[in-house]
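Protein chains: 2
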Amino acid sequence: MHPQSPLMGQMMNQPLLVSGILEFAARHYGSSEIVSRRVEGDLHRYTMRECHQRARRLANALHALGVRMGERVATLAWNGYRHLEAYYGVSGSGAVLHTMNPRLHAEQLAYICNHAEDQFLMFDVCFLPLVEAFAPHCTTIKGYILMGSAAQMPAHTSIDNLLCYEELINAHSDDFQWPQFDENAACTLCYTSGTTGNPKGVLYSHRSTVLHAYASALPNVLNVSSRDTVMPVVPMFHVNAWGLPYSVPLSGAKMVFPGAALDGKSVYELMESEGVTFSAGVPTVWLGLLNYATEHGLKFSTFRRTVIGGSACPPAMMNTLIDQFGVEVIHGWGMTEMSPLGTTGGLLSKHLKLSREEQRKILQKQGHAIYGVDMKIVDDDGKELPWDGVSYGHLMVRGPWIVARYFKDEGGDVLQDGWFPTGDVSTIDADGFMQITDRSKDVIKSGGEWIGTIDLENIAMAHTAVLQAACIGVPHPKWDERPLLVVVRRPGQTLEREQLLAHFEGKVAKWWLPDDVVFAETLPVGGTGKIQKNRLREQYRQHLLK
Amino acid sequence: MHPQSPLMGQMMNQPLLVSGILEFAARHYGSSEIVSRRVEGDLHRYTMRECHQRARRLANALHALGVRMGERVATLAWNGYRHLEAYYGVSGSGAVLHTMNPRLHAEQLAYICNHAEDQFLMFDVCFLPLVEAFAPHCTTIKGYILMGSAAQMPAHTSIDNLLCYEELINAHSDDFQWPQFDENAACTLCYTSGTTGNPKGVLYSHRSTVLHAYASALPNVLNVSSRDTVMPVVPMFHVNAWGLPYSVPLSGAKMVFPGAALDGKSVYELMESEGVTFSAGVPTVWLGLLNYATEHGLKFSTFRRTVIGGSACPPAMMNTLIDQFGVEVIHGWGMTEMSPLGTTGGLLSKHLKLSREEQRKILQKQGHAIYGVDMKIVDDDGKELPWDGVSYGHLMVRGPWIVARYFKDEGGDVLQDGWFPTGDVSTIDADGFMQITDRSKDVIKSGGEWIGTIDLENIAMAHTAVLQAACIGVPHPKWDERPLLVVVRRPGQTLEREQLLAHFEGKVAKWWLPDDVVFAETLPVGGTGKIQKNRLREQYRQHLLK
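First to last, the sequence lines map onto chains A and B.
FYI, the numbering for the first sequence is 1 to 546, going by the working numbering.
FYI, the numbering for the second sequence is 1001 to 1546, going by the working numbering.
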């Protein structure tokens, strides 16, 4: 059966464009609310219909500023309604939205701006000092847009050509027809926060973004419906907030943006006042929220479900969320290179009769590939390994929202035989559940065998006196590498090396036991909230050699 | 911002093909079960992984039979695992699956087969006499495949070249790589059961089918997850069973096929024995199931959610399902020309605080456009009407899974300014909820005003002595047309004309009141289970003129 001038289907020919998502939401769920805690501290609320109006004003404004199809417009902003307008106003009009991480240093931001050849930079009022710091090093930016009103414009600034967002869009009409173009055109740009080398840009297309939005709203994934009130805690500068700015409008749900206030108290109060049912974020944010709620004896009245990603949810945190607060926990796994979602956890119908403990073990896994994503595990020679839940190897993925190459071909060919190497090491079981064992670069190679550090960290975290734990491989004269555990104690708790090592007994093979434990005040954390193990390895590289 | 050689995204380039759905299901949800009640009466069970193996054997077999890319292969079969294998084996290999409705007459089937130029016909054992009846009139079919084992082959048949499905696929290996081709290639073909003229074919593409599968599995739509056990009661020959053969495998759910046994007892017992959580079908099937369960004082132990479409769910049935049986009811609306899903009912987060009665009114509407579909209502001149819940007009739709033209251009240009006219009349309210008022051809034009027949039927159906009701416009000397109600009483119930008309008082405007009521033993029903109002209009056209 050869593809010889095939018979074509006769359905309408419509490109998948992100403008279509907001247009759909405004027409069909026009009264759905969007509530934002502004960086000023107050709450702003409006509807999808108004969001669409303002996004079209922004599109007209960008056109008037001379922004052309495919040109990049950067943002430096927390989660809020103006940032959402930029998502659609920029990409919808054919330009490319480049979200930047404000936790990066000024030099890194300047590097990224110049590499992306950004034409304009839109930023929250609170980031003015940061922008003033790196703007002199930006070579392509024609203008800076402060995302606020005229009253918020600074009296003095070192920035040339500083524009006011509200004045800019109010000077333009909302009469704008979203252009129709090739769905493979670039839509957004996000740089990876690689631990080595310069950041690399991932250039998403409209097609990949819309397909990811469809897939990520599915019941097996984020499970967003028009009955939900969704709070994206994961930042909109962090891989498009896992696609929530797209998947929530297409679902007609109410949206709640927390702005810059991500401490436990602020998040808790906003969730309660707005009736948040679903939220998504990294474990560190939930740590703050759960500590606050526990300390004050509080419950959640509407919060029912959360997706946790960025790094694995420690089992102790999962138990607290489920057993103490009645919040369903779904593990999400992905990468900037994957738009970002690749797998989500969950149960199969045959698991519904299992015990709580057996179900919990399944929920601890990173879960199933989302329809659209395929995955496999391979050994060092690229040979596919069996799906038996035991064999572990390098995790490879492919699919229509997975990167084919980096922006401007940085890093050259990244695919291996059509598959993207994730840099993770994992198992996959016969039912298709994937579990990350480690990062390829974090796995400890001891006497020719691999030791997974995540298992060891989870055991440490299950100890009541442990707040945070990181396990790293450090050089060893006989075994090449051996595990060292770096631990932050909970405030007010005492815990000694021997007590913690005793806690490991019977839980892992003897040769997996950490050789030593060191206690630290804090662990180094990167721009996306992950523990920087490379810095710990550097710090402790002499530890077992002394 | 003009589309001048736009910057392209740099994501993997993968076509959306239905073979990818089954391959995904087999790899990632390989142990999910598929249970089928066979036409022989017994239960067959296997896994997604085995389904994928057999679908690949079928693909090899079709190749060996000489079936080429784009050629049509027809089926005449109930819902079962072999039909599912045909869905993927035929379309996945690049041929076009043409599902036929066995409730059609032999002449209609022969017309459709010849129009489609089917090369092979696959059919369930029970349809042998039907196939023998129309096969002599088929001019393009090279072979007939009986979907059964060697033991089920007839000793004598008038059919030339009758092949045995099991022997055919067992003669071939499951070593088959699904071909990759243009996602706009034809995938399946389904003929509309138009009440006038010859049936017209709708030719779905792989792209439209995959996008419809994504959209229809969303929480706002069918809401299928890996925790579900799904029974498609809607036939696989009826617009691809509303896409369930695609949306269920991509969700990893367990699938239960009822075969030919759609009576209340058979459906109830299968739901209970297999733990069905979700099912979809037309109101007439639920009528039988609910009557059976009520008569025997039975409850559902796992059945929690149903989508009802084909025609509107009578409010009385919705109340019974929700209040008596605790089954959530979602209205689905669509057409063969729409793959078929266009809208589904449901609540918004702001509705959760409303009373039961207010919520029920919202659930009675056909609901929101599914993301991907856009809709509008227009007057006779094509002018768009407001979304105020009161204005009603012709409902127009567009989207990537909506027909652009019929197969072989039957009927010529069907679109109006890029929109497909559905033939339905509806309102849309400010929150985007669409409600069908009538079919354009069923609406009663009385003294220059429109009377919607569905409202009148719903009121009649709410009377406890009414089993079925149809309202039709019949010629009237003064008003052009006036409403006549044709009613089937519940067994053992007495009900007279005046009692039923009294039941309408205060529920509709006086000039909407039916001019007369006639009682019938049954109502004429077409091949897809819908009441044939054109036959009723023909039968009663003299009724008010006498």
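In this text, a Cβ means the ideal position worked out from N, Cα and C, and glycines have one as well.
**Study point:** Where the beta strand (DSSP E) containing L544 (chain A) begins and where it ends
**Key:** Element bounds for L544 (chain A): n/a, residue is neither H nor E.
Point to revise | Contact residues within the stretch 23-37 of chain A, judged by C-beta distance below 9 Å to chain B | key: For the stretch 23-37 of chain A, which is checked against every Cβ of chain B, the residues closer than 9 Å are E23, F24, A25, R27, H28, Y29, G30, S31, S32 and E33.
Practice item. Could you tell me which chain B residues have their CB closer than 9 Å to the CB of L348 (chain A), listed as they occur along the chain? Key: Y1029, S1031, S1032, S1226, R1227, G1252, A1253 and K1254, listed in chain order.
Practice item. Using a Cβ-Cβ cut-off of 8 Å, state whether A1151 (chain B) counts as contacting chain A. Key: no
**Study point:** Identity of the residue in A:S93, A:S339, A:H503 and A:R489 nearest A465 (chain A) by Cα
**Key:** The shortest CA-to-CA distance from A465 (chain A) to any of A:S93, A:S339, A:H503 and A:R489 is the one to A:R489.
**Study point:** Exposed unless 16 or more other CB atoms sit within 10 angstroms - verdict on H2 (chain A)
**Key:** Any answer about H2 (chain A) is weak, because its pLDDT of 47 lies below 50 and its placement is not dependable; what the coordinates show is given next. Exposed: under 16 other Cβ atoms inside 10 Å.
Check your understanding: Within the 8 Å Cβ cut-off, does Q119 (chain A) reach chain B?
Key -> no
**Study point:** Closest residue to P514 (chain A) among A:P524, A:G452, A:N534 and A:E521 (Cα-Cα distance)
**Key:** Nearest of A:P524, A:G452, A:N534 and A:E521 to P514 (chain A), Cα basis: A:G452.
Check your understanding: Hey, out of A:E521, A:L456 and A:W450, whose CA is closest to G506 (chain A)'s CA?
Key -> A:L456
Point to revise | Simplified DSSP state of E1606 (chain B), which is helix, strand or coil | key: Residue 1606 (chain B) lies beyond the residue range present for chain B, which begins at 1001 and ends at 1546; the question has no answer from this structure.
Check your understanding: What are the partner residues of K1299 (chain B), as DSSP defines its beta bridges?
Key -> K1299 (chain B) is not bridged to any residue.
Point to revise | Per DSSP, the bridge partner or partners of Y1371 (chain B) | key: Per DSSP, none; premise fails for Y1371 (chain B).
Exercise for review: Taking D431 (chain A) as the reference, give the member of A:S349, A:W511 and A:T320 with the closest Cα.
Suggested key: A:S349
**Study point:** Cβ of D182 (chain A) within 8 Å of any chain B Cβ
**Key:** yes
Practice item. Find out if the Cβ-Cβ distance for the pair R1305 (chain B), F1325 (chain B) is shorter than 8 Å. Key: no
Review point. Given that Y1214 (chain B) touches chain A, what residues does it touch there, using C-beta distances under 7 Å?
Key: Y214 and A215
Practice item. Would you mind stating whether H115 (chain A) and G201 (chain A) have Cβ atoms separated by less than 8 Å? Key: Their beta carbons are under 8 Å apart, which means H115 (chain A) touches G201 (chain A) by this criterion.
Exercise for review: Using a threshold of 8 Å, state whether the C-beta atoms of P232 (chain A) and F257 (chain A) are closer than that.
Suggested key: Their beta carbons are under 8 Å apart, which means P232 (chain A) touches F257 (chain A) by this criterion.
Review point. Does DSSP classify D1430 (chain B) as helix, strand or coil?
Key: Here the sequence assigns Ala to residue 1430 (chain B), which means Asp is not the residue at that position. The answer is coil: DSSP assigns A1430 (chain B) none of H, G, I, E or B.
Review point. For Y1314 (chain B), which of helix, strand or coil comes out of DSSP?
Key: Going by the sequence as given, residue 1314 (chain B) is Pro instead of Tyr. Coil, per DSSP.
**Study point:** Check whether G1094 (chain B) and G1070 (chain B) have beta carbons under 8 Å apart
**Key:** yes
Review point. What residues from chain A crowd round H1368 (chain B), counting only those whose CB sits closer than 9 Å?
Key: H28, Y29, S226 and G252
Exercise for review: Have a look at B:P1477, B:Q1493 and B:G1526 and flag the residue whose alpha-carbon is nearest the alpha-carbon of L1544 (chain B).
Suggested key: B:P1477
Review point. Cα separation between G1030 (chain B) and T343 (chain A)?
Key: 16 Å
Check your understanding: In angstroms, rounded to a whole number, what distance separates the CA positions of S1440 (chain B) and I1377 (chain B)?
Key -> Their backbone Cα atoms lie some 12 Å apart in a straight line.
Practice item. Establish whether the CB of S1205 (chain B) and some CB of chain A are separated by less than 8 Å. Key: yes
Point to revise | CA nearest to the CA of M1147 (chain B), picked from B:Y1214, B:C1138, B:V1125 and B:P1129 | key: The residue with the shortest Cα to Cα distance from M1147 (chain B) is B:V1125.
Review point. So, helix, strand or coil for A1074 (chain B), using DSSP?
Key: strand
**Study point:** CB of S1091 (chain B) within 8 Å of CB of L1084 (chain B), strictly
**Key:** Result no, Cβ atoms of S1091 (chain B) and L1084 (chain B) do not sit closer than 8 Å.
Point to revise | Bridge-paired residues (DSSP) for L1484 (chain B) | key: B:I1472 and B:D1516
Point to revise | C-beta atoms of A25 (chain A) and P249 (chain A) nearer than 8 Å | key: yes
Check your understanding: If we ignore side chains and look at the alpha-carbon of each, how far apart do M375 (chain A) and N1223 (chain B) end up?
Key -> 25 Å
**Study point:** Proximity of A987 (chain B) and L1007 (chain B) at Cβ, strictly below 8 Å
**Key:** No answer is possible for residue 987 (chain B): it lies beyond the span of chain B, which begins at 1001 and ends at 1546.
Check your understanding: Where do the ends of the beta strand (DSSP E) carrying R305 (chain A) lie?
Key -> R305 to I308
Practice item. Sort out for me which residues DSSP pairs C190 (chain A) with in a bridge. Key: A:V202
Check your understanding: Quick one: is P400 (chain A) near chain B, going by C-beta distance under 8 Å?
Key -> Chain B contact via Cβ: present.
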